[in-house]
Each structure stands twice: as C-alpha cells, then as structure tokens.
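K.L.:
Residue numbers (the numbering used here), protein chains in the order written: chain D, 1 to 410; chain Y, 1001 to 1410.
There are 2 protein chains.
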Amino acid sequence: MPATPVSPMAVPLPVIPPIPGVRLGATAAGIRYAGRTDLVAMEFAAGTNVAGVFTSNKCPGAPVDWDRTALKGGRARALVVNAGNANVFTGKAGAEAAAATAAAAGKLGGYPARQVFLASTGVIGELLPHEKITTALPGLYESLTPSGWADAARGIMTTDTFAKGATRTAQIGESFVTINGIAKGSGMIAPDMATMLCFVATDAKIPQGVLQRMLRKSIASSFNCITVDSDTSTSDTVLLFATGQARHKKVPAEGGKILNSFALALTELLHDLALQVIRDGEGAQKLIRVDVSGAANAKSAKRVAMAIANSPLVKTAIAGEDANWGRIAMAVGKAGEPADRDKLSIAVGGVWMARAGGVVEGYDEAPVVAHMKGHEVEIAVDLGLGRGRATVWTCDLTHGYIDINGSYRS
Amino acid sequence: MPATPVSPMAVPLPVIPPIPGVRLGATAAGIRYAGRTDLVAMEFAAGTNVAGVFTSNKCPGAPVDWDRTALKGGRARALVVNAGNANVFTGKAGAEAAAATAAAAGKLGGYPARQVFLASTGVIGELLPHEKITTALPGLYESLTPSGWADAARGIMTTDTFAKGATRTAQIGESFVTINGIAKGSGMIAPDMATMLCFVATDAKIPQGVLQRMLRKSIASSFNCITVDSDTSTSDTVLLFATGQARHKKVPAEGGKILNSFALALTELLHDLALQVIRDGEGAQKLIRVDVSGAANAKSAKRVAMAIANSPLVKTAIAGEDANWGRIAMAVGKAGEPADRDKLSIAVGGVWMARAGGVVEGYDEAPVVAHMKGHEVEIAVDLGLGRGRATVWTCDLTHGYIDINGSYRS
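1. Would you say Pro-1063(Y) faces chain D, with C-beta separation under 8 Å as the test?
2. Taking the beta carbon of Ser-311(D) as the centre, do at least 16 other beta carbons fall within 10 Å, making it buried, or is it exposed?
3. Below 8 Å on C-beta distance, what does Asn-57(D) contact in chain Y?
4. Answer with buried or exposed for Gly-256(D), where buried requires no fewer than 16 other C-beta atoms within 10 angstroms of its C-beta.
5. Nearest to Asn-82(D) by alpha carbon, out of Leu-140(D), Val-50(D) and His-371(D)?
6. If you follow the beta strand (DSSP E) that Val-22(D) is part of, which residue opens it and which one closes it?
7. Hey, does Pro-1312(Y) have any beta-carbon neighbour from chain D nearer than 8 Å?
8. Using a Cβ-Cβ cut-off of 7 Å (strictly less than) and excluding sequence neighbours within five positions of Asn-1087(Y), which residues of its own chain qualify?
9. Can you pull the chain Y neighbours of Trp-325(D), defined as C-beta to C-beta under 7 Å?
10. Closer than 9 Å, Cβ to any Cβ of chain D: which residues of the stretch 1387–1399 of chain Y, in chain order?
11. Does any residue of chain D have a CB that is nearer than 8 Å to the CB of Arg-1341(Y)?
12. Using DSSP with H/G/I as helix, E/B as strand and the rest coil, what is Arg-303(D)?
13. Taking only beta-carbon positions, decide if Asn-405(D) is within less than 8 Å of chain Y.
14. Provide the residue span of the beta strand (DSSP E) that contains Gln-1171(Y), from first to last.
15. Counting along the chain, where does the beta strand (DSSP E) carrying Glu-1282(Y) start and finish?
16. Which stretch, first to last residue, makes up the beta strand (DSSP E) that contains Glu-43(D)?
17. Under 8 Å, do Thr-1134(Y) and Ala-1102(Y) count as touching if we go by C-beta distance?
18. Short of 9 Å Cβ to Cβ, which residues in the stretch 81–94 of chain D face chain Y?
19. Please report the distance separating the alpha-carbon of Glu-361(D) from that of Gln-276(D).
20. If we define contact as Cβ-Cβ less than 8 Å, is Gly-320(D) a contact residue for chain Y?
21. Between Gly-388(D) and Met-157(D), what straight-line distance do the alpha-carbon atoms span, to the nearest angstrom?
22. Where does Asp-67(D) fall in DSSP's three states?
23. May I ask you to list the residues that DSSP assigns as paired with Leu-118(D)?
24. Hey, out of Leu-1313(Y), Leu-1211(Y) and Glu-1337(Y), whose CA is closest to Ser-1300(Y)'s CA?
25. Any contact of the stretch 393–407 of chain D with the stretch 1005–1017 of chain Y, i.e. 3+ C-beta pairs under 8 Å?
26. Given a cut-off of 8 Å, decide if Thr-227(D) and Thr-202(D) are closer than it, judged by their beta-carbon atoms.
27. Please look up how many angstroms separate the CB atoms of Gly-294(D) and Gly-384(D), rounded, as I've assumed it's under 8 Å.
28. Quick check on this structure: which residue in Arg-114(D), Arg-36(D), Gly-181(D) and Leu-273(D) has the alpha carbon closest to the alpha carbon of Leu-24(D)?
29. At a CB-CB cut-off below 8 Å, which residues of chain D make contact with Gly-1362(Y)?
30. Apart from the five residues just before and just after Gly-1155(Y), which ones in its own chain have a Cβ nearer than 6 Å to its Cβ?
31. DSSP on Leu-13(D), reduced to helix/strand/coil?
32. Quick check on Thr-316(D) - is its C-beta less than 8 Å from some C-beta in chain Y?
33. Does DSSP put Lys-1250(Y) in a helix, in a strand, or in coil?
34. What is the DSSP secondary structure of Ala-1194(Y), reduced to helix, strand or coil?
35. Does the beta carbon of Ile-1189(Y) come closer than 8 Å to any beta carbon on chain D?
36. Is the distance from the Cβ of Lys-1302(Y) to the Cβ of Ala-1390(Y) below 8 Å?
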C-alpha cells in the first residue's frame, strides 16, 4: 500500500513549551516500524497527581487494565507508551508484559511500578515484545528532556498523517500555569483498529479528586463529541498529570472558582486535540461539524447529532460534496429520540434547505454548493421541540477509509 | 456513473405461482426512470385481511402515514407502489399526493380509498408527480393478471441489481395454502437512501389480529435481523395480504396450533427475502452471517451481533478478505452488553481463532483464508456467559458502497 498522504485538514504542530516537573522523549525500539521512533516516555516530579479516563469497551487492552489499577493510587512518576502493538487480547502474557514494562521503568527511576502509567497502540492479538521496550528504556531515560514534547507527539503516531499537540495557559489566583497535551488519532497498523490516546500535563498543583472530575467533565465536551466510524477502540486512554511545580494559591480540596480559568483552558486544549484527531480520521477529506438545537434535552440532542455523524449515508454524501439533506432527515428519524418531521429544519453551510417537513422553496443553492467543496462542512439541525443543544464533530467516509481498513494484514 | 453490475451473491427469481384472489402487474409511468416499469399495482378480492409493519424512523414518508391509518380498518382491496420517488419529507403536498393516488385506485376498482395501500421508494424531498401515477393507473388496472408476480418484483426495483421474490406452501388443517412475497432492497436513486419494501400475499383466511401478530413475530427473526449500513429508511414497509380464497378449516379468532405450518412458512419466506436483500446490499461482495452464543440473554446476544454486523472496521476487513478477529473482539466490547474478554471465543468459517482472551496457538489458518475468499462468510462468537443466542446477517463494506452513495445527485 502506498504511503497515506497527509490529511488535507492537517494543522501544524504548535511550539509546545516545557512544563516544570516533566521530562520526556522518544526512541526507536523497533517494535514494528523501521526507521522511526515508537517508544515514548515521560517522567514526572515527585508529588505529581494523575487523573485518567479510559475506553468503555468491554474488551480493553492490558495497559488499560494496568492504568485503572494504578490510578487508584492517584500518583504518577512516569508514563511509557509504545506504538506498533496494542497489547490487546493477549491474555495473561499481555498482563505480564505490562507489568514487566512498568517494573523496568520503576527500577530505572527509583519509584514503585504502580506509579508508572502505560499505553500501547497498534496491532491487536499479537504478544507485545516487551523485552524490546525494556532494552530500549535505559537509553531513553537518559535522553529525557523538558523540551521533548514534539518528539513525544511524533513517537506515539501509528498511521496518523500528522503529529498532534496543543498548549494553553491558565490562571490560578494571580499565577499562570501551563497545560500541554499530545494525542494520536485514528490510525491502522497493517491494518488495525483506530485508537485514541491523549496525554496532558500541567505544572498546576491540583488535588487528585478535583483533577479527575475536571478531566471527566472536559472529555464530555471534547473527545466524547467526536466520532470517525462509531467503532470504540479497546485502548482509548486520556491521562492528565499535574506536577504541582507551579507556585500559585493553594487549590482547596473541593476545587471551586479558583480553577475556572484552568477548567476552561483544559476543555479548550482537549477540544483542540479532539478536532486534530478528526482532521486525521482515516481517509478523511472533510471535517464535519454537526449542531443540533431544539431537542427535548441535551442528551437527546447529543444522540441525534451522533446518529447524523455516524450515518454512512450522510458521510458518503458529504464525501461526494452532495448536500443531501434528505439523508440528514433520515438520520434524525432513526436516532430514536423525540422528533417531529413537520417541525424539523436542516441547514448546510448556514443555508436553511428544509423547514417544517419540506424543502425550502427557491433557496439559493450556490453558497451551499461552494460550502460543500471546502474541507470544513457545517450541518445544523433544529428539531423545533425544546431547548436541548449539542455539537459533535466527524469526518466524511471515503474510498481512503476502505483502502486503509480493507487491506490484508501482512 | 456506470451501471452497477449484478451482485455476485444474486439468486434467480423463483417461479411464483398465482394466489387466488390476487391480480397484479407493472407499467412504466415515467416517474423517474426511462425504459423500465416503475409503477406496480395489486388488486385483492373482497374480504382480504391485511397486516403491516412499518419503519421505526421518526421521519416516515407520506405513504407510511397513509398505510398506518388504512391499517386500522384491517381490510385491503389494492396496493399501489411506485419506484423513483419516495414521497418523503414532502410536507402537506406529499400527504395530498398519497391521498390522490389512493382515491384514483379506489375509483377504478370501486372500493374505498382507505382500502388502498401505498408504498413509494426513491429520491426524497422531491414532490411526487402523482398525476403521472393517476394517468398510468387505468391502463395498469386493465392489465392486472394472477401471473404478474415477476413483473411486480421487477417494477419495484430501484438500484437493486436483481429482482427478489419467494414462494412457500403451508398446510392449514388438511388444506394447502400458498404464500408469495416480493421485496426490494437497499438501492439508491441518483443517489438516495436505502429502502426496504416487502409485499406478501396468501390465499389463507386468517383473522386480521392473528395475521398482524404473526407478521410482527416473523419480522423479528427475518427483516429485523439484517443490516446493510445501520441506516434506518424512512419508507420501510412490509405488508401481508390474506385473500381468504383458499378452502380450509376455519382459523379461530385467537389463531393457535392450526397455524403452525403457516407461521413457519411465513417466517421462512420473509427470511428468504431478507437474505436476498442483503445479497444485494449496496456494493456488497460478501454475505456475512454473525452467530452469537453464550450471551446473558437473547436480547443481549442480538445487540452484540448487531454491533459486529454494523462495525465499519469489521465490514471493511471482510471486504479485504482478512479474518481480523481482533476487530470482532472490539465490536463485542463496544456493544455495551455483558462481556468478559477472558471468556470470549471467536471463530471464522468454523475455525476457532481466539479463545479465553487470546489467540489460539497454532490454529490452522489455511481453511480460514479459503473461507474468506468465498462470497459467504460466517462469524461465530461465544461470550461464555449464559444461554442467549442470536443470528444476524449483513454484507461487507466496499468501494462500491462509496461509489453508489458518494456520487452527486444529478
């Protein structure tokens, strides 16, 4: 298979500043890929709190199992991530590979293995050659540096066509803190399933319980509002590390208003990364925003928006640059949520094409046609029932998706 | 766009015998297509009972609205079906087009318009030119014949690549009755959404309430167990007409054992037609059977089976003839149903590839590879939890699907 061209919606990796208390880097462990980095490590200062959110898939990978247990301690000293092998559906050997990796990192750094977090992404059902990781780790540990963010963003890629990262500044009291994040998106390995990984670090000093609540809340409006193909990975992982190295007013145990700026910046950062993932969806040529309003409530709006965003008929129509609002109406109707055909309105690119159960007579098609030719498509649906709103993002369904996912493993 | 080649899984239309009390035929009304029939009518003897099951889509077409009301009377004298325009999302004008069509047929046959059933399939959001139908109806009515089943099967096609029909014989008491059915499957019109229509007739004399219950039950194990792309049409309609012209023991009002043979034959017939629809799924090159066993209960098994059958990653892997059991495990896990990774077993083509959370060491890949190259693929999943079972059918996701659904309307 020829190399996948870079997504037309790619955005450049921003300059990502150091975070006090974080050193990181990448190396080539030769797990699957040749001639590129595939092993990433981050080391965190003592006292780092960690929050995590994981896949809801009932068949999670061994690293997800490991992290769920590790998270109970609330503290992190390191993160080790490999690309090329997901260590999923590998039974007892998979759990042992995870434990061996964490033990090796813990020994190198001099902290408990249970404070080492893990993530793996790549082919599933193959045993992870963890000795390649443990062999490469000592050299990697020696090379860790506060300025390693771009290297780390590249090292966790699988078939991502561009590296994904973001940075924000937030205020706590009178002081400024930094939040950095890197992510990898829907890629296949020779080929395999899409996997989303996201690692965020900040120098803020935030109690673990508060950190976990904020992370969960921010994910609800960022990563949980995107979909490439409705398939939930076995490895999805978002981890947020707070080193506490910044000097700022003490954050009370219950959080509160002092974190307003931080919470906003965190949500913005995760949202930015989530959109980068969609911009690099397998085969994607269009970034699609779906706004639903007028639903019975917010939950209903989200379900309707996801029904549109996951509809193969809607996604193929957009790939064909066809503003086929009939398929959008179909997707609204199949969502199983309260909807009244005769109150439904649909707009594409800001032009209302259908209202009150029928086509808008003589609407101007020219701006819609022009909008569809671009790389960013906006769909708005008003159900005319209540005040529920939701926005989700997806990408189109193209021949590229079939090419990437329909090839033989080899 | 070049003409779509006939599906490699096509089956020939069987010889469909006459049903006493049914006359039918097709004509070219020029609604959208040139050089082919696109208008079908069936006329039923006085005393015909009717049962119907319709789309669960909340934005149904005008003919579905019409039929739901007509069904309350329980009696049918005619069915009028057009291909090329779905009369969906057409507002008040759509309801008027339906009423005008039914009125014209009723006037020709001398029965109430409310005993005329309707179905439309094709592009949505465009007004149905019902005067083309009412103009063509008189000639069509004159040509109706008991032997018109094959013509009718062809006349309701949209982008179906082969005509779909089936016939069965059942016994009621000592007597034999016939059940015929025709269906159309997932087609697009230039292009538009998939629509499933199925019309069944029998000469049996069965009380309407019993007929409705039997139809609903048979659909649960036939049409409700297939999926092409998870998109629920606005027009899905199954109608069952029982003319009561056969001479057999009286069926009691509550039905009962006397209908065992009929119920079995009806289920078989609908199952046969449902599989023909999948064999002609848009772009399909493989018919896929998904068997789930060992689930907590039957409902859970069905949801897991549908999660597999609707997974784009599973469907593209099968298109690529790749027995990628890891994606099947992913789909099991994302279904949200009780599942234990470490009790899960997966087979393709009868060969168990994964058991107890890991790959089966040294399983023989050769028969699996051979199986994947065929046009019929069997997936079996055992969850190892309980006694719940379900089987569903789907097709693969290929470039053909993108071609058909990603083109401009024109």
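A virtual CB, placed ideally from N, CA and C, is assigned to each residue, including glycine.
P.N.:
Let me lay it out:
1. Against the second sequence, residue 1063(Y) aligns to sequence position 63. Closer than 8 Å: no.
2. If you number the first sequence from 1, residue 311(D) lands on position 311. Around the beta carbon of Ser-311(D), a 10 Å sphere encloses 16 or more other beta carbons of the protein chains shown; the residue is thus reported as buried.
3. Along the first sequence, one-based indexing puts residue 57(D) at 57. Here the neighbours are Met-1330, Gly-1333 and Lys-1334.
4. Along the first sequence, read from residue 1 onward, the residue named residue 256(D) stands at position 256. Residue burial is scored here from C-beta neighbours: Gly-256(D) has fewer than 16 other C-beta atoms within 10 angstroms and is therefore classed as exposed.
5. As a working mapping, residue 82(D) is identified with position 82 in the first sequence. For the residues Leu-140(D), Val-50(D) and His-371(D), the minimum Cα distance to Asn-82(D) belongs to Leu-140(D).
6. Against the first sequence, residue 22(D) aligns to sequence position 22. Run containing Val-22(D): 22–27, per the beta strand (DSSP E) assignment.
7. The sequence position of residue 1312(Y) within the second sequence is 312, counting from 1. Chain D contact via Cβ: present.
8. Residue 1087(Y) sits at position 87 when you count from the first residue of the second sequence. If we look at Asn-1087(Y) and ignore the five residues flanking it on each side, its Cβ neighbours are Gly-1061, Ala-1062, Pro-1063, Gly-1094, Ala-1097, Ala-1098, Ser-1120 and Leu-1128.
9. For the purposes of this step, residue 325(D) is taken as residue 325 along the first sequence, with counting starting at 1. The contacting residues are Gly-1125.
10. Within the stretch 1387–1399 of chain Y, the residues whose Cβ lies closer than 9 Å to any Cβ of chain D are, in chain order, Asp-1396, Leu-1397, Thr-1398 and His-1399.
11. As a working note, residue 1341(Y) is residue 341 in the second sequence. Arg-1341(Y) counts as touching chain D.
12. For this step, residue 303(D) is matched to residue 303 along the first sequence. Looking at Arg-303(D) - three-state DSSP - the assignment turns out to be helix.
13. Counted from its first residue, the first sequence places residue 405(D) at position 405. Interface residue, yes.
14. Against the second sequence, residue 1171(Y) aligns to sequence position 171. Start and end: 1164–1172.
15. On the second sequence, position 282 is the one that residue 1282(Y) refers to. Segment: none, Glu-1282(Y) is in no beta strand (DSSP E) and carries neither H nor E.
16. Position 43 of the first sequence, counted from the start, is the residue given in the question as residue 43(D). Run containing Glu-43(D): 39–44, per the beta strand (DSSP E) assignment.
17. Locating residue 1134(Y) in the second sequence gives position 134, counting from the first residue. Locating residue 1102(Y) in the second sequence gives position 102, counting from the first residue. No.
18. From the stretch 81–94 of chain D, only Ala-86, Val-88, Phe-89, Thr-90, Gly-91, Lys-92, Ala-93 and Gly-94 have a Cβ closer than 9 Å to chain Y.
19. The residue you call residue 361(D) lines up with position 361 of the first sequence. The residue you call residue 276(D) lines up with position 276 of the first sequence. Between Glu-361(D) and Gln-276(D), the C-alpha separation is close to 37 Å.
20. Residue mapping note: residue 320(D) aligns to position 320 of the first sequence, counting from 1. The beta carbon of Gly-320(D) falls within 8 Å of a beta carbon belonging to chain Y, placing the residue at that interface.
21. Residue numbering aside, residue 388(D) sits at position 388 when the first sequence is read from its first letter. Residue numbering aside, residue 157(D) sits at position 157 when the first sequence is read from its first letter. Approximately 37 Å between the Cα atoms of the pair.
22. Taking the first sequence and counting its residues from 1, the one referred to as residue 67(D) is at position 67. In the structure shown, Asp-67(D) sits in a helix (DSSP, three-state: H, G or I).
23. Counting from one through the first sequence, the residue named residue 118(D) turns up at place 118. Assignment of beta-bridge partners to Leu-118(D) by DSSP yields Val-80(D).
24. Position 300 of the second sequence holds residue 1300(Y). That would be Glu-1337(Y), whose Cα lies nearest to the Cα of Ser-1300(Y).
25. Output reads no: the stretch 1005–1017 of chain Y does not touch the stretch 393–407 of chain D.
26. To locate residue 202(D), count along the first sequence from 1; it is residue 202. To locate residue 227(D), count along the first sequence from 1; it is residue 227. By the CB criterion at 8 Å, Thr-202(D) and Thr-227(D) fall outside the cutoff.
27. Start at 1 with the first residue of the first sequence, and residue 294(D) comes out as number 294. Start at 1 with the first residue of the first sequence, and residue 384(D) comes out as number 384. Confirmed, Cβ separation roughly 5 Å.
28. Within the first sequence, the letter at position 24 stands for residue 24(D). Of the candidates Arg-114(D), Arg-36(D), Gly-181(D) and Leu-273(D), the one whose C-alpha sits nearest the C-alpha of Leu-24(D) is Gly-181(D).
29. One-based indexing of the second sequence puts residue 1362(Y) at position 362. Neighbours of Gly-1362(Y) on chain D: none; closest Cβ ~14 Å, over 8 Å.
30. Within the second sequence, the letter at position 155 stands for residue 1155(Y). Here the set comprises Ala-1026, Thr-1037 and Val-1040.
31. The sequence position of residue 13(D) within the first sequence is 13, counting from 1. Coil at Leu-13(D), not helix or strand.
32. Residue mapping note: residue 316(D) aligns to position 316 of the first sequence, counting from 1. Taking 8 Å as the threshold, the shortest C-beta distance from Thr-316(D) to chain Y falls below it.
33. To locate residue 1250(Y), count along the second sequence from 1; it is residue 250. The DSSP-derived three-state label of Lys-1250(Y) is coil.
34. Your numbering for residue 1194(Y) matches position 194 in the second sequence. Note on Ala-1194(Y): pLDDT 47, under 50, position unreliable in the model; the coordinate value appears next. The answer is coil: DSSP assigns Ala-1194(Y) none of H, G, I, E or B.
35. Residue mapping note: residue 1189(Y) aligns to position 189 of the second sequence, counting from 1. At Ile-1189(Y), the pLDDT of 29 sits below 50, so the modelled position is not reliable; the number obtained from the coordinates is stated separately. It does not; no Cβ of chain D falls within 8 Å.
36. Position 302 of the second sequence, counted from the start, is the residue given in the question as residue 1302(Y). Position 390 of the second sequence, counted from the start, is the residue given in the question as residue 1390(Y). Taking 8 Å as the cut-off, the Cβ atoms of Lys-1302(Y) and Ala-1390(Y) count as close.
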